[in-house]
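Protein chains: 2
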Amino acid sequence: MITSLSYAVQTAKTPLAPFSFSRRATGPRDVAIVITYCGVCHSDVHTARGEWQGTKYPCVPGHEIVGTVTEVGSEVSRFKVGDTVGVGCMVDSCQQCASCAEGLEQYCQKGFTGTYNGKTADAPGHTLGGYSNHIVVTEKFVLKVTHPAAQLAAVAPLLCAGITTWSPLKHWKVGPGQKVGIVGIGGLGHMGIKLAHALGARVVAFTTSEGKRKDALDLGADEVVVSKNRDEMKAHTASFDFILNTVAASHNLDAFTTLLKRDGAMCLCGVPEHPHPSPNIGALIFQRRTITGSLIGGIAETQEMLDFCAKHHIVSEIEMIPIQEINEAYDRMVRSDVKYRFVIDMASLRTS
Amino acid sequence: MITSLSYAVQTAKTPLAPFSFSRRATGPRDVAIVITYCGVCHSDVHTARGEWQGTKYPCVPGHEIVGTVTEVGSEVSRFKVGDTVGVGCMVDSCQQCASCAEGLEQYCQKGFTGTYNGKTADAPGHTLGGYSNHIVVTEKFVLKVTHPAAQLAAVAPLLCAGITTWSPLKHWKVGPGQKVGIVGIGGLGHMGIKLAHALGARVVAFTTSEGKRKDALDLGADEVVVSKNRDEMKAHTASFDFILNTVAASHNLDAFTTLLKRDGAMCLCGVPEHPHPSPNIGALIFQRRTITGSLIGGIAETQEMLDFCAKHHIVSEIEMIPIQEINEAYDRMVRSDVKYRFVIDMASLRTS
Numbered sequence: 020m021i022t023s024l025s026y027a028v029q030t031a032k033t034p035l036a037p038f039s040f041s042r043r044a045t046g047p048r049d050v051a052i053v054i055t056y057c058g059v060c061h062s063d064v065h066t067a068r069g070e071w072q073g074t075k076y077p078c079v080p081g082h083e084i085v086g087t088v089t090e091v092g093s094e095v096s097r098f099k100v101g102d103t104v105g106v107g108c109m110v111d112s113c114q115q116c117a118s119c120a121e122g123l124e125q126y127c128q129k130g131f132t133g134t135y136n137g138k139t140a141d142a143p144g145h146t147l148g149g150y151s152n153h154i155v156v157t158e159k160f161v162l163k164v165t166h167p168a169a170q171l172a173a174v175a176p177l178l179c180a181g182i183t184t185w186s187p188l189k190h191w192k193v194g195p196g197q198k199v200g201i202v203g204i205g206g207l208g209h210m211g212i213k214l215a216h217a218l219g220a221r222v223v224a225f226t227t228s229e230g231k232r233k234d235a236l237d238l239g240a241d242e243v244v245v246s247k248n249r250d251e252m253k254a255h256t257a258s259f260d261f262i263l264n265t266v267a268a269s270h271n272l273d274a275f276t277t278l279l280k281r282d283g284a285m286c287l288c289g290v291p292e293h294p295h296p297s298p299n300i301g302a303l304i305f306q307r308r309t310i311t312g313s314l315i316g317g318i319a320e321t322q323e324m325l326d327f328c329a330k331h332h333i334v335s336e337i338e339m340i341p342i343q344e345i346n347e348a349y350d351r352m353v354r355s356d357v358k359y360r361f362v363i364d365m366a367s368l369r370t371s
Numbered sequence: 020m021i022t023s024l025s026y027a028v029q030t031a032k033t034p035l036a037p038f039s040f041s042r043r044a045t046g047p048r049d050v051a052i053v054i055t056y057c058g059v060c061h062s063d064v065h066t067a068r069g070e071w072q073g074t075k076y077p078c079v080p081g082h083e084i085v086g087t088v089t090e091v092g093s094e095v096s097r098f099k100v101g102d103t104v105g106v107g108c109m110v111d112s113c114q115q116c117a118s119c120a121e122g123l124e125q126y127c128q129k130g131f132t133g134t135y136n137g138k139t140a141d142a143p144g145h146t147l148g149g150y151s152n153h154i155v156v157t158e159k160f161v162l163k164v165t166h167p168a169a170q171l172a173a174v175a176p177l178l179c180a181g182i183t184t185w186s187p188l189k190h191w192k193v194g195p196g197q198k199v200g201i202v203g204i205g206g207l208g209h210m211g212i213k214l215a216h217a218l219g220a221r222v223v224a225f226t227t228s229e230g231k232r233k234d235a236l237d238l239g240a241d242e243v244v245v246s247k248n249r250d251e252m253k254a255h256t257a258s259f260d261f262i263l264n265t266v267a268a269s270h271n272l273d274a275f276t277t278l279l280k281r282d283g284a285m286c287l288c289g290v291p292e293h294p295h296p297s298p299n300i301g302a303l304i305f306q307r308r309t310i311t312g313s314l315i316g317g318i319a320e321t322q323e324m325l326d327f328c329a330k331h332h333i334v335s336e337i338e339m340i341p342i343q344e345i346n347e348a349y350d351r352m353v354r355s356d357v358k359y360r361f362v363i364d365m366a367s368l369r370t371s
């Protein structure tokens with residue numbers, strides 16, 4: 020047992036504040052990691068504030084973790100002390116169902132174990148996440164990070180925002196010769212633009228903000244459409260092979276499904292708090308279009324994504340903060356006032 | 020020009036009644052057909068009664084046509100006088116777009132020409148359908164029918180109800196080892212059960228009517244679920260590879276999407292008059308499920324379906340009527356009082 024320092028919320032109504040707890044000792048298959056950076060995801064805010072059902076307190080959020088291996092169990096073969104590693108949204112799964120067998124642990128039929136707020140045998144009965152100075156994770160769920168040291172903070176968001184956009188782009192075979200839309204230019208969307216561009220597709224970014232036009236082009240979009248502009252939208256009717264819709268807020272899906280070609284698919288990666296207006300089924304039927312969804316990504320494809328990003332010099336756009344500023348960062352995220360991901364410099368935790 | 024006898028509606032509020040008009044003379048690429056049977060589709064009712072936008076009057080419905088070739092144009096090579104043929108929902112398309120090039124004329128980018136109510140150079144400027152004693156159709160849109168003569172009436176509904184279910188079953192690769200749901204046991208659904216069964220899938224039929232349980236088993240379903248029974252539904256959670264949903268009436272899609280396995284798809288083939296309740300996006304995201312749609316089918320796949328049905332002795336379940344009973348048949352269809360398709364014996368037209 021090792022004492023971890025962290026920032027935790029004790030109730031849905033209280034801010035994040037310093038909190039100490041014990042991690043399990045490093046077991047034979049475990050990797051112990053000193054956390055150097057942790058990205059800040061919208062899920063952290065929803066969970067900490069109890070906006071989704073079922074938050075267990077105390078809650079230590081954080082599932083975009085980069086760190087250094089400090090200890091490995093006797094059966095660990097893929098990692099050694101000193102390795103730079105990542106941990107994403109999952110720290111375990113049943114490893115027996117069809118989804119786990121296919122490397123799609125995110126669809127584990129028994130439910131994967133989330134990096135925080137997941138059920139575990141460890142005290143206090145639920146997992147505690149990355150806003151802490153160290154973590155112990157079973158080898159299978161630890162990722163190798165090969166980016167240069169100077170980029171490690173900006174690698175952290177790849178572990179959630181990166182894989183959440185990579186997995187659907189790869190599953191629906193986005194590549195050269197295709198026209199791909201990315202809806203929303205936030206934490207997820209900005210990664211979607213970078214990844215779809217690097218995969219060789221023609222990328223059109225959709226935003227409601229005229230002010231994000233230049234940014235989206237800088238991120239790698241070939242074209243930017245302000246979705247409130249009907250004429251701009253109409254010019255793209257029935258022209259997309261694939262649209263990755265990263266906007267969780269309730270919105271009119273038909274505005275985008277009608278931009279798909281025959282047999283095109285729009286993949287949603289956010290669950291709206293209030294339902295979207297009911298989609299027009301005719302827009303699907305008359306061109307055999309598809310609405311689908313995708314959840315984070317499996318461990319094997321997360322490694323594939325990290326390796327791809329290292330090779331293509333891709334990282335997230337980040338704003339680094341000391342952990343003492345996390346509550347303000349939450350408020351700014353809710354206002355979409357971040358380009359595009361906060362990352363906590365975990366060295367700041369030692370100075371609390 | 021040849022005079023055709025038919026039954027037509029002159030306004031949205033008047034019943035079908037005898038009507039004479041002229042068809043174009045048989046051109047070099049045309050096939051002239053004496054119609055022996057014509058199925059009665061729900062689309063006929065909606066169009067005749069002006070329940071969809073844009074009905075042009077006079078309207079002669081009918082797009083499930085079986086007949087005999089009486090004349091062929093000089094350039095026609097695939098048909099000769101005396102051949103038994105079929106005509107479905109389309110009589111023309113642009114023949115130049117990507118969809119037409121792929122044999123998917125139903126998704127023609129310029130819009131296919133419907134067998135009735137479609138735009139045409141022929142008088143009166145819109146196509147007039149199969150509730151008539153003959154029709155002239157360009158060779159490309161004429162299908163070969165090889166079923167035995169005694170089955171021809173029951174072949175007619177294959178031209179719409181058959182292909183509308185065949186096309187998605189084939190597109191989503193339904194076959195042996197798969198568990199497939201068919202929602203709704205009506206004109207479309209009863210064909211869906213027969214075809215999915217013949218394709219080798221395990222077929223589960225969903226109905227709201229306890230009374231249709233035995234019928235669905237007789238049609239080829241391996242199991243029948245009364246969808247109002249929550250426990251029956253729950254037993255099938257996350258177990259289907261594919262669900263073909265033939266119900267156009269507004270209903271709760273989540274009841275069926277949650278029955279899909281990871282990566283499963285539900286295909287809708289009816290546009291609801293009133294929107295379905297907005298589907299639960301979480302049910303898609305958490306198992307990468309898909310909601311999609313499909314429209315009738317292309318000419319090549321219609322021929323494939325007809326040939327498959329002839330080989331497997333598949334026809335529609337029908338109730339034959341003389342054309343003089345068509346208005347009553349419409350009222351009965353609206354009440355779902357037909358097992359499972361009315362087919363007009365066109366010989367009755369001569370006795371009007």
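Those sequence lines, one after another, are chains A and B.
Per this note's numbering, the first sequence runs over residues 20 to 371.
Per this note's numbering, the second sequence runs over residues 20 to 371.
Quick reminder that beta carbons are idealized off the backbone N, C-alpha and C, glycines included.
As the structure is a computational prediction, the values presented were derived from the model and not from experiment.
Q. Along chain A, in chain order, which residues have C-beta atoms closer than 8 Å to that of Leu178/B?
A. Those within 8 Å of Leu178/B in chain A number zero; the least Cβ separation is about 18 Å.
Q: Hey, could you find the ends of the alpha helix (DSSP H) His65/A is sitting in?
A: 61-67
Q) Taking C-beta to C-beta, are Pro291/B and Ile310/B nearer than 8 Å? A) no
**Q.** Spatial distance of Lys163/B from Ile201/B (CA atoms)
**A.** 28 Å
Q) So, does the CB of Arg221/B fall closer than 8 Å to a CB anywhere in chain A? A) no
Q. Measuring CA to CA, which of Val223/A, Arg369/A, Gly205/A, Thr103/A is closest to Gln197/A?
A. Val223/A
Q) Within the 8 Å Cβ cut-off, does Phe305/B reach chain A? A) yes
Q: Output the distance between the C-alpha atoms of Val106/A and Pro47/A, rounded to the nearest integer angstrom.
A: 18 Å
Q. Using DSSP with H/G/I as helix, E/B as strand and the rest coil, what is Gly283/A?
A. strand
Q: Note down, one range per segment and in chain order, each beta strand (DSSP E) of at least 3 residues found wholly within the segment 243-299 of chain B.
A: 259-264, 279-287
Q) At what residue ranges does the segment 124-204 of chain A contain a whole run of the alpha helix (DSSP H), taking only runs of 4 or more? A) 171-174, 180-190
(Q) Is Ile300/A close to chain B? Criterion is C-beta to C-beta, closer than 8 Å. (A) yes
**Q.** Cβ-Cβ distance between His145/A and Ser23/A below 8 Å
**A.** no
(Q) Since Gly148/A and Tyr135/A should fall inside the 8 Å C-beta cutoff, what is the C-beta to C-beta distance between them, to a whole number of angstroms? (A) 3 Å
(Q) For chain A, check one thing: does any of its Cβ atoms lie closer than 8 Å to the Cβ of Ile310/B? (A) yes
Q. Looking at the C-beta of Leu314/B, does it have a partner C-beta in chain A at a distance below 8 Å?
A. yes
Q: Determine the burial state of Lys280/A: buried for a count of at least 16 other Cβ atoms within 10 Å of its Cβ, exposed for fewer.
A: buried
Q) Can you pull the DSSP bridge partners for Arg360/A? A) Ile337/A
Q: Go through its chain and collect everything with a Cβ distance to Ser25/B's Cβ below 8 Å, but skip five positions before and after it.
A: Pro37, Phe38, Ser39, Phe40, Val79, Leu147, Tyr150, Ser151, Asn152, Leu368
Q.
Please tell me whether Asp63/A and Gly81/A are closer than 8 Å, where the distance is taken between their beta carbons.
A. yes
(Q) How far does the beta strand (DSSP E) with Phe98/B in it extend, from its first residue to its last? (A) Segment: none, Phe98/B is in no beta strand (DSSP E) and carries neither H nor E.
Q.
Are the CB atoms of Ser335/B and Gly208/B within a distance shorter than 8 Å?
A. no
Q | Boundaries of the alpha helix (DSSP H) in which Tyr349/B is found, first to last residue | A | 345-353
Q.
For the segment 284-300 of chain A, list every residue whose C-beta sits within 9 Å of some C-beta in chain B, in sequence order.
A. Ala284, Cys286, Leu287, Cys288, Gly289, Val290, Pro291, Pro294, His295, Pro296, Ser297, Pro298, Asn299, Ile300
Q: Look up Met109/A in the DSSP assignment and give the residues it is bridged to.
A: Gly133/A
Q: Go through its chain and collect everything with a Cβ distance to Val320/B's Cβ below 6 Å, but skip five positions before and after it.
A: What sits at residue 320/B in the sequence shown is Glu, not Val. Ser186, listed in sequence order.
Q: Please name the residues in the segment 120-139 of chain B whose beta-carbon is closer than 8 Å to at least one beta-carbon of chain A, in chain order.
A: Leu123, Tyr126, Gln128
(Q) Quick check: is the beta carbon of Ser112/A nearer than 8 Å to any beta carbon in chain B? (A) no
Q: Determine the closest residue to Ala173/A out of Lys99/A, His332/A, Val100/A, Gly69/A, with distance taken between C-alpha atoms.
A: His332/A
Q | Contacts around Glu90/B, its chain only, beta-carbon distance under 7 Å, and the 5 residues preceding and following it disregarded | A | Thr45, Ala51, Val100
Q.
Looking at the strands, I want to know which residues DSSP matches up with Val88/B.
A. Ile52/B
(Q) Determine whether the beta carbon atoms of Val193/B and Leu177/B lie at a separation below 8 Å. (A) no
Q | Beta-carbon separation (whole angstroms), Val161/B vs Phe98/B, contact threshold 8 Å | A | 6 Å
(Q) Can you check which of these residues, Leu236/A, Asp326/A, Arg307/A, Val199/A, is closest to Ala220/A by C-alpha distance? (A) Val199/A
Q. Less than 8 Å separating the beta-carbons of Ala274/A and Ser246/A?
A. yes
Q) How about Ser118/B: is its C-beta nearer than 8 Å to some C-beta of chain A? A) yes
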